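Residue numbers (our numbering), protein chains in the order written: chain F, 289 to 529; chain Z, 289 to 529.
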DNA sequence: CGACGCTTTGACACAACTCAACAACCGTGG
DNA sequence: CCACGGTTGTTGAGTTGTGTCAAAGCGTCG
């Protein structure tokens, strides 16, 4: 695959067969790469911006602010992920997104996208598929927060993260870089940062995994999976043409 | 609007302007009405069935089973809701759905749906919009379970339910029928059934709301909203043509 | 009438939160 | 090179929210 090809096209193409025309169309839908500095919020909850982004490099954090000041992290987008697709169709964004590390994104115009559907209906299916996949992840996350203990939940989180990073070659041998601090983890897992710390300690003491500096090492994946009730995602429907 | 018109068409049409042709097409996508008895599971987690359903009448329960036997309810579909759209595109259903009351559904064939996209691309956008809306609900639910207390969460749940039912004229004056028992509520809210009971007692004692028999009455909506941190959903993007 | 499903209540256990203090780490500037 | 402040991680003690277990009340239906 060519380097110029957008991450999005690459990713969609993994699961949905795209024609040359559709690929070109995808490329044209996106803006030139835009750098975003660490910490900058580039989608604002409640705002009307009709744009989605594709994360080309770096980590992001997509979260919802509650009226009482609480914060629930929905997901940490990693390279190749779509960000804010949902807020394209709903009038206002229902969540915010910040860059966790310095990052590069490219914009997708909604107007463009809707036109594109008429010309390349298969692309519509592909995008529908991508949103379904995101929703499935949120659902899994919900189940985790609702029904798993802090320990199980945390283990599950890192296993899933590992598999996601693996898909884009950012994890190797159960080891990967993770720029998230314990506050961010807490807001994702529905725990206090302090409790995250205690849970990580237990995982470390049981020789299951460690998070040191910004490096996660999964030392005993089978037992982690056992603990977390993690089911390796069977890879996913290929849309045939 | 004609009575023969499908609930789905009606619902989509509320927010997305559909042509006569598109409406007809929608009708043709669905099977004849199928009755489903209370308690019957008609989508099975892990199975490959490439069908979605539209709930014509009755309540359903969409949930995820965890390996350890836990259950997380994702949503309780009510008349007019799409069920299992997500499992159409992912190869296997990631959740199960049962009928909470006797219900009537109609089937949507996936093969049909993908064809339809070529012929009526605007429909693709409409359906994408519908899935976005569902995802937004799951996200809100996640935020609730992750970051609200049992009391806030429960209040929030019933407020949201009220607004959803209101859209299809199943709630009147802050009052509606709710066929869910406290176990089901617990599995939705990430609480034990017993704790749900205690929370309901508090809400009752504070004169905020009651659930008696199968009737929910919201007695003090403003204060409930205050407590729950509930933001009335601004009604949603209309796709223009 | 009895059986069953659901709700309600109490007593107790335990997981997770809060507060508070301290330690380690980092980049910055003197 | 070291001193500094800020950020992040670590730990302890005490509190609170929620889960668990057990038992009793209530309605409905056969």
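Cβ atoms here follow ideal geometry from the backbone N, Cα and C, with glycine treated the same way.
Here the structure is a predicted model, which means the values were calculated and not measured.
Query                                                                                                                                                                                          : Result
Measure the C-alpha to C-alpha separation of residue 387 of chain Z and residue 298 of chain F and round it to an integer number of angstroms.                                                 : 40 angstroms
For residue 341 of chain Z, report the span of its beta strand (DSSP E) as first-last.                                                                                                         : 339-345
Residue 406 of chain Z touches chain F at which residues, Cβ-Cβ below 8 angstroms?                                                                                                             : 409, 410
Using the rule of at least 16 other Cβ atoms within 10 Å of the residue's Cβ for burial, across every protein chain shown, is residue 426 of chain F buried or exposed?                        : buried
Check whether the segment 397-405 of chain Z and the segment 406-413 of chain F are in contact - that is, three or more C-beta pairs closer than 8 angstroms.                                  : yes
Between which residues of its own chain and residue 517 of chain Z is the CB-CB distance below 8 angstroms, once the five residues before and five after are set aside?                        : 436, 440, 444
Let me see if you follow: with CB-CB separation under 9 angstroms, is residue 352 of chain F close to chain Z or not?                                                                          : yes
Is residue 345 of chain F closer than 9 angstroms to residue 391 of chain F when the C-beta atoms are compared?                                                                                : yes
Just reading off the alpha helix (DSSP H) that residue 484 of chain F is part of, what are its end residues?                                                                                   : 481-493
Just to make sure I have the definition right: I need the residues of chain F whose C-beta is within less than 7 angstroms of the C-beta of residue 517 of chain Z. Which are they?            : 354, 355, 356
Return the chain-ordered list of same chain residues with a C-beta closer than 8 angstroms to the C-beta of residue 510 of chain F, the five sequence neighbours on each side being excluded.  : none
So if I threshold CB-CB distances at 9 angstroms, which residues from the segment 423-436 of chain Z count as touching chain F?                                                                : 423, 424, 426, 427, 428, 429, 430, 431, 432, 433, 434, 435, 436
Taking 9 angstroms as the CB-CB limit, is residue 415 of chain F close to chain Z?                                                                                                             : yes
Going along the chain, which residues of the segment 289-313 of chain Z sit with their C-beta nearer than 9 angstroms to a C-beta in chain F?                                                  : none
Taking 9 angstroms as the CB-CB cut-off, is residue 360 of chain F touching chain Z?                                                                                                           : yes
For residue 325 of chain F, I'd like the list of residues in its chain whose CB is within less than 7 angstroms of its CB, leaving aside the five on either flank, ordered along the chain.    : 387, 390
Tell me the rounded alpha-carbon separation between residue 422 of chain Z and residue 370 of chain Z.                                                                                         : 9 angstroms
Pick helix, strand or coil for residue 419 of chain Z, following the three-state DSSP scheme.                                                                                                  : helix
Per DSSP, which one or two residues make a beta bridge with residue 329 of chain F?                                                                                                            : F:386
State the DSSP-derived secondary structure class of residue 465 of chain F, mapped to helix, strand or coil.                                                                                   : strand
For residue 528 of chain Z, I'd like the list of residues in its chain whose CB is within less than 6 angstroms of its CB, leaving aside the five on either flank, ordered along the chain.    : Its pLDDT being 48, under 50, residue 528 of chain Z is placed unreliably in this model, and the value from its coordinates should be taken loosely. Excluding sequence neighbours, residue 528 of chain Z sits near nothing in its chain.
If you follow the beta strand (DSSP E) that residue 323 of chain F is in, where does it begin and where does it stop?                                                                          : 322-324
With a threshold of 9 angstroms between beta-carbons, can residue 483 of chain F be considered close to chain Z, or not?                                                                       : no
Under a CB-based cut-off of 9 angstroms, is residue 419 of chain Z close to chain F?                                                                                                           : yes
In terms of DSSP beta bridges, what is residue 351 of chain Z paired with?                                                                                                                     : Z:361, Z:384
Grouping DSSP H, G and I as helix and E and B as strand, with all else coil, what is residue 397 of chain Z?                                                                                   : strand
Can you tell me the Cα-Cα spacing of residue 291 of chain Z and residue 308 of chain F, whole angstroms?                                                                                       : Unreliable placement is indicated for residue 291 of chain Z, whose pLDDT of 43 sits below 50; the coordinate value is still reported in the next sentence. Rounded to whole angstroms, residue 291 of chain Z to residue 308 of chain F spans 45 angstroms at the Cα level.
Say whether chain Z places a C-beta atom closer than 9 angstroms to the C-beta of residue 492 of chain F.                                                                                      : no
Kindly indicate the opening and closing residues of the beta strand (DSSP E) around residue 503 of chain F.                                                                                    : 503-506
Is the Cβ of residue 326 of chain F closer than 9 angstroms to any Cβ of chain Z?                                                                                                              : no
Under 7 angstroms between beta-carbons, which chain F residues line up against residue 337 of chain Z? List them in chain order, please.                                                       : Near residue 337 of chain Z there are no residues of chain F at all, since even the closest Cβ is about 12 angstroms away, more than 7 angstroms.
For residue 408 of chain F, collect the residues of the same chain with a Cβ closer than 6 angstroms to its Cβ; drop the 5 residues on either side in sequence, then sort them by chain order. : 310, 313
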